[in-house]
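In what follows, a structure is listed as structure tokens, so that the remarks can point back to it.
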Amino acid sequence: MKKAKKIPVSISRKVVEINEMFHKVKDGDDIPCSYFGGTWPTYIIFEKEMDVVNQFVYIHAERSSNNIESQRFNTNNEDQLDELKYNLRYIRAAFKSLI
């Protein structure tokens, strides 16, 4: 039987840090924005905090054309883990710039 991996500690720490900043950003007047390495800005408007369930990380975002998408990332999948790390880095930077 295959043993499921745990979520990496670095990912869980970033999720906790972003969730702590979430309420400060939500109560503020400005909307966090990041370019995610591209040309057009992407707004980061969450409906609620990110969830961690087993090896999955859920991002709950409002639906909008210029907003980050709601997604579920499986940390056991290397491609999804890399994408999650990339997204968390830019979300954290955008939140920190507003605070």
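Sequential numbering of the sequence shown, starting at 332, is according to my numbering.
Yeah, the Cβ is synthetic: ideal placement off N, Cα and C, and Gly gets one too.
Just so it is clear, the structure is predicted and the values come from calculations on it, not from any experiment.
Between the alpha carbons of residue i and residue j, how many angstroms are there, rounded?
i: D295; j: L429; result: The structure shown does not extend to residue 295, since the chain is modelled only from 332 through 430, so no value can be given for it.
i: K357; j: F426; result: 10 Å
i: F387; j: M381; result: 10 Å
i: K355; j: N408; result: 32 Å
i: Y417; j: I399; result: 13 Å
i: E393; j: Q402; result: 11 Å
i: E351; j: S395; result: 24 Å
So, for residue i: in the same chain, excluding its five sequence neighbours on each side, which residues have a beta-carbon less than 6 Å away from its beta-carbon?
i: Q411; result: F404 and N405
For residue i, which residues in the same chain have their Cβ closer than 8 Å to its Cβ, ignoring the five residues on either side in sequence?
i: L419; result: I342, K345, V346 and I349
Fill in: Length at least 3, wholly inside the stretch 345-408: the beta strand (DSSP E) runs in chain order
382-384, 387-390 and 402-405
Practice prompt. Assess, as a yes-or-no matter, whether the stretch 335-347 is touched by the stretch 367-374 under the definition of 3 or more beta carbon pairs within less than 8 Å.
Written response: no
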